[in-house]
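**Q** The following block contains the structure, expressed as structure tokens.
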Amino acid sequence: MKILHTSDWHVGRSLHRVPRIDEMRTLLDEVVGVATAENVDAVLVCGDVFEHLSPSAEAEQLVYDALLRLGEEERAVVLIAGNHDHPGRWRALAPLFRRFNIHVVDDLRPPDEGGILRITARDGRERLEVAAVPWVSERRLFNATELMEGGERPYTAYADGMANSIHQLCAGFSPGACHVLAAHLFISGSIPSGTERPLLISDIYAVNPTAIPATVQYAALGHVHRPQEPPGVPNIPCRYSGSLLRIDFGEVGQEKIVNVVDAQPDRPARIRPVRLNSARALRDIHAGLDDLEQHRIEGDDAYLRVFLTCDAPQPGLNDRVREILPNALQVSLVYPEAQETETADVRSKSPRELFSSYLQGRYGSPPDPALVDLFESMLAEPREGAGQQLLWPAMAADPSAVEALEVSEQVAAG
Ligand SMILES: [Mn+2]
473 MKILHTSDWH VGRSLHRVPR IDEMRTLLDE VVGVATAENV DAVLVCGDVF EHLSPSAEAE
533 QLVYDALLRL GEEERAVVLI AGNHDHPGRW RALAPLFRRF NIHVVDDLRP PDEGGILRIT
593 ARDGRERLEV AAVPWVSERR LFNATELMEG GERPYTAYAD GMANSIHQLC AGFSPGACHV
653 LAAHLFISGS IPSGTERPLL ISDIYAVNPT AIPATVQYAA LGHVHRPQEP PGVPNIPCRY
713 SGSLLRIDFG EVGQEKIVNV VDAQPDRPAR IRPVRLNSAR ALRDIHAGLD DLEQHRIEGD
773 DAYLRVFLTC DAPQPGLNDR VREILPNALQ VSLVYPEAQE TETADVRSKS PRELFSSYLQ
833 GRYGSPPDPA LVDLFESMLA EPREGAGQQL LWPAMAADPS AVEALEVSEQ VAAG
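Residue numbering for the sequence shown is 473 to 886, as defined by the numbering used here.
And the structure:
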């Protein structure tokens, strides 16, 4: 029984306002190509198919087309909802997709009410059983009655509740079939990319590795975007296939893959990652404006995050970087000599001195005297509601208050 495992497509996600639907289309073509070339019997899509709860029509078209193509040649498709997916939308579509051998699971269900999908291999001989565990929110796991009963819920309540549900579900496996778990959850100790929703990969939602029952030949996971084997799952083949494209700069340098799994009853499955070549690279560049040119590579389509070393802020730096490197999506200025402003003797300094040392500390070079003059003249001006006497203590406590004042004045001046 051959299985293709993928997850976290996040179709509809953009990167710094650059839409990535074309990139996604190429990637999904590549995944369909792997399913065909590897001659798999089943495809597991382990959640976060869409980026948004209400995806665009374009995103929907792309996903449904990919699912239909994955389900061609009598392949079975199992799709579980992730935390980004709207369970109700998937529930509405499930009966339609079932006609095409695509099994959509929106919620935890008992084994014989859709919790376990029973699939026959294309040669009609082997059987595959997939225990489906879509994303379960804390609210969903602990219902209203329990909440009203009050009392302290133990810290491990979510982990224990999930482990229980998974074991009960997998107790419904029948002998003689390949048993696989498809789940969208966070196994504690797994390494995130920083592109997941932070709360949903925190300790609250961490599930113990022992929640994966020893009766499965493979656990296909979604939720964490870095492809990996979660630690602490002894003797059970278990993988996060990771996100399909490099979602954001937290995934710089990550390889993007799908897993091709060879499973037989009663023995651990064999796993082979297949690299996806059409995922666009993301790269960090550390350079000054003068040596930016040498980072320009002809024909390279990587999206770039540029850390630009410079002495002081200058107008139009972003545009100049993008003239040289059109794929620069994010430009951060780095001031190498920046030092913390001394705060110990702050009360012994004049406002002028304080403002100068703040600018020097922030930008690493002596400030323009005209700017400091302007600051001083502004400070001397009587102002409504917040006179010099009021401003001075605030500035002494936090020199950045001056910047806030400047901004507010600019806003007031239109
Ligand atoms: Mn995800």
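No residue lacks a Cβ here, since even glycine has one placed at the ideal position from N, Cα and C.
Could you tell me whether the region 736–744 touches the region 479–490, where touching means 3 or more Cβ pairs closer than 8 angstroms?
**A** No: fewer than three Cβ pairs fall under 8 angstroms.
**Q** Helix, strand or coil, according to DSSP, for Arg742 in the structure here?
**A** As a first step, residue 742 must be located in the sequence shown, where it is residue number 270. Strand.
**Q** For ligand 1, list every residue whose C-beta falls under 5 angstroms from any of its heavy atoms, going in chain order.
**A** Result: Asp480, Asp520.
**Q** Reducing DSSP to helix, strand and coil, say where Asp675 ends up.
**A** Residue 675 sits at position 203 when you count from the first residue of the sequence shown. Helix at Asp675.
**Q** What does a CB cutoff of less than 7 angstroms around Ser828 pick up in its chain, not counting 5 residues either side in sequence?
**A** By one-based count along the sequence shown, residue 828 stands at place 356. Cβ neighbours of Ser828 beyond the five flanking positions: Pro839, Val844.
**Q** Per DSSP, what are the beta-bridge partners of Ala514 in this structure?
**A** As a working mapping, residue 514 is identified with position 42 in the sequence shown. Ala514 pairs with Ile475, Ala548.
**Q** Distance, Cα to Cα, His697 vs Ala603?
**A** The sequence position of residue 697 within the sequence shown is 225, counting from 1. The sequence position of residue 603 within the sequence shown is 131, counting from 1. Taking the straight line joining both Cα atoms gives about 22 angstroms.
**Q** Taking the CB atoms as reference points, tell me whether Phe721 and Leu672 lie closer together than 8 angstroms.
**A** Reading the sequence shown from its first residue, position 249 is the one you call residue 721. Reading the sequence shown from its first residue, position 200 is the one you call residue 672. Going by C-beta atoms, Phe721 is not nearer than 8 angstroms to Leu672.
**Q** When DSSP builds the beta bridges, which residues end up paired with Ser804?
**A** As a working note, residue 804 is residue 332 in the sequence shown. Ser804 is bridged to Phe779.
**Q** Exposed or buried, which one is Gly886 when buried takes at least 16 other CB atoms within 10 Å?
**A** As a working mapping, residue 886 is identified with position 414 in the sequence shown. Only weak support is given to the placement of Gly886: the predicted model assigns it a pLDDT of 43, under 50, and the value that follows is read from those uncertain coordinates. That one is exposed.
**Q** How long is the line joining the alpha carbons of Ile796 and Glu765, rounded to whole angstroms?
**A** Within the sequence shown, numbered from 1, the residue matching residue 796 stands at position 324. Within the sequence shown, numbered from 1, the residue matching residue 765 stands at position 293. Distance between the alpha carbons of Ile796 and Glu765 is about 6 angstroms.
**Q** Measuring only the C-alpha atoms, how far is Asn799 from Asp480?
**A** For this step, residue 799 is matched to residue 327 along the sequence shown. For this step, residue 480 is matched to residue 8 along the sequence shown. Rounded to whole angstroms, Asn799 to Asp480 spans 24 angstroms at the Cα level.
**Q** Could you compute how far the alpha carbon of Ala514 sits from the alpha carbon of Arg752?
**A** By one-based count along the sequence shown, residue 514 stands at place 42. By one-based count along the sequence shown, residue 752 stands at place 280. Approximately 27 angstroms, taken between the alpha carbons.
**Q** Ala655: which of Gly666, Pro647, Val688, Arg625 sits nearest, CA to CA?
**A** Here the question's residue 655 lines up with position 183 in the sequence shown. If we check each option's Cα against that of Ala655, Val688 comes out closest.
**Q** With Ile659 and Pro681 assumed to form a contact (beta carbons below 8 angstroms), what rounded beta-carbon distance in angstroms separates them?
**A** The residue given as residue 659 occupies position 187 in the sequence shown. The residue given as residue 681 occupies position 209 in the sequence shown. Contact holds; Cβ gap of about 6 angstroms.
**Q** His575 and Glu523: beta carbons closer than 8 angstroms?
**A** Position 103 of the sequence shown holds residue 575. Position 51 of the sequence shown holds residue 523. No, the pair does not count as a contact, with Cβ atoms beyond the cut-off.
**Q** Answer yes or no: do Asp578 and Ala553 have a C-beta to C-beta separation smaller than 8 angstroms?
**A** Taking the sequence shown and counting its residues from 1, one reaches residue 578 at position 106. Taking the sequence shown and counting its residues from 1, one reaches residue 553 at position 81. Yes, the Cβ-Cβ distance between Asp578 and Ala553 is below 8 angstroms.
**Q** Alpha carbon to alpha carbon, what distance is there between Leu476 and Val746?
**A** Your numbering for residue 746 matches position 274 in the sequence shown. Your numbering for residue 476 matches position 4 in the sequence shown. When rounded, the distance between both Cα atoms is 10 angstroms.
**Q** Closer than 7 angstroms to a non-hydrogen atom of ligand 2 - does that hold for the CB of Thr628?
**A** This structure does not include ligand 2; its bound ligands are ligand 1.
**Q** Helix, strand or coil for Asp791? Go by DSSP, reduced to three states.
**A** Start at 1 with the first residue of the sequence shown, and residue 791 comes out as number 319. Here Asp791 sits in helix by DSSP.
**Q** For the region 663–726, list the beta strand (DSSP E) runs that are entirely contained and at least 3 residues long, ordered along the chain.
**A** Taking only runs of at least 3 residues, the beta strand (DSSP E) segments lying wholly in the region 663–726 are 690–694, 710–712.
**Q** If we count the other Cβ atoms within 10 Å of its Cβ and call it buried at 16 or more, is His758 buried or exposed?
**A** In the sequence shown, the residue the question calls residue 758 occupies position 286. Exposed, since its Cβ has fewer than 16 Cβ neighbours within 10 Å.
**Q** The beta strand (DSSP E) with Ile591 in it runs from where to where?
**A** Along the sequence shown, one-based indexing puts residue 591 at 119. That run of the beta strand (DSSP E) goes 588–592.
**Q** Taking the alpha helix (DSSP H) that Val503 belongs to, which residues open and close that run?
**A** In the sequence shown, counting from the first residue as 1, residue 503 sits at position 31. Here the alpha helix (DSSP H) through Val503 covers 493–509.
**Q** What's the gap between the Cα of Phe614 and the Cα of Ala509?
**A** On the sequence shown, position 142 is the one that residue 614 refers to. On the sequence shown, position 37 is the one that residue 509 refers to. Rounded to the nearest angstrom, the two C-alpha atoms are 44 angstroms apart.
**Q** Assuming Arg599 is part of the alpha helix (DSSP H), what are its boundary residues?
**A** For the purposes of this step, residue 599 is taken as the residue at position 127 of the sequence shown. Arg599 -> not in any alpha helix (DSSP H); beta strand (DSSP E) instead, spanning 599–605.
**Q** Just to confirm my understanding: we take Thr592, look at its own chain, exclude 5 residues before and 5 after, and list those with CB closer than 7 angstroms. What are they?
**A** Here the question's residue 592 lines up with position 120 in the sequence shown. Around Thr592: Arg599.
**Q** Taking buried to mean at least 16 other C-beta atoms within 10 Å of its own C-beta, is Asn555 buried or exposed?
**A** In the sequence shown, the residue the question calls residue 555 occupies position 83. Buried: at least 16 other Cβ atoms inside 10 Å.
**Q** Measuring only the C-alpha atoms, how far is Thr498 from Leu780?
**A** Your numbering for residue 498 matches position 26 in the sequence shown. Your numbering for residue 780 matches position 308 in the sequence shown. Distance between the alpha carbons of Thr498 and Leu780: 32 angstroms.
**Q** Are there 16 or more other CB atoms within 10 angstroms of the CB of Gln726, so buried, or fewer, so exposed?
**A** For the purposes of this step, residue 726 is taken as residue 254 along the sequence shown, with counting starting at 1. Looking at its Cβ environment, which holds 16 or more other Cβ atoms inside 10 Å, Gln726 is buried.
**Q** Who are the near neighbours of Gly419 in its chain, counting only those whose CB is closer than 6 angstroms to its CB and skipping five residues on each side?
**A** What the structure shows of the chain is the stretch from 473 to 886, and residue 419 is not part of that stretch, so it cannot be assessed.
**Q** Measuring CB to CB, does Leu776 end up less than 8 angstroms from Leu801?
**A** Position 304 of the sequence shown, counting from 1, holds the residue named residue 776. Position 329 of the sequence shown, counting from 1, holds the residue named residue 801. A contact, by the Cβ cut-off of 8 angstroms.
**Q** Going by the beta-carbon positions, is the gap between Gly661 and Pro706 smaller than 8 angstroms?
**A** Along the sequence shown, read from residue 1 onward, the residue named residue 661 stands at position 189. Along the sequence shown, read from residue 1 onward, the residue named residue 706 stands at position 234. Contact: no.
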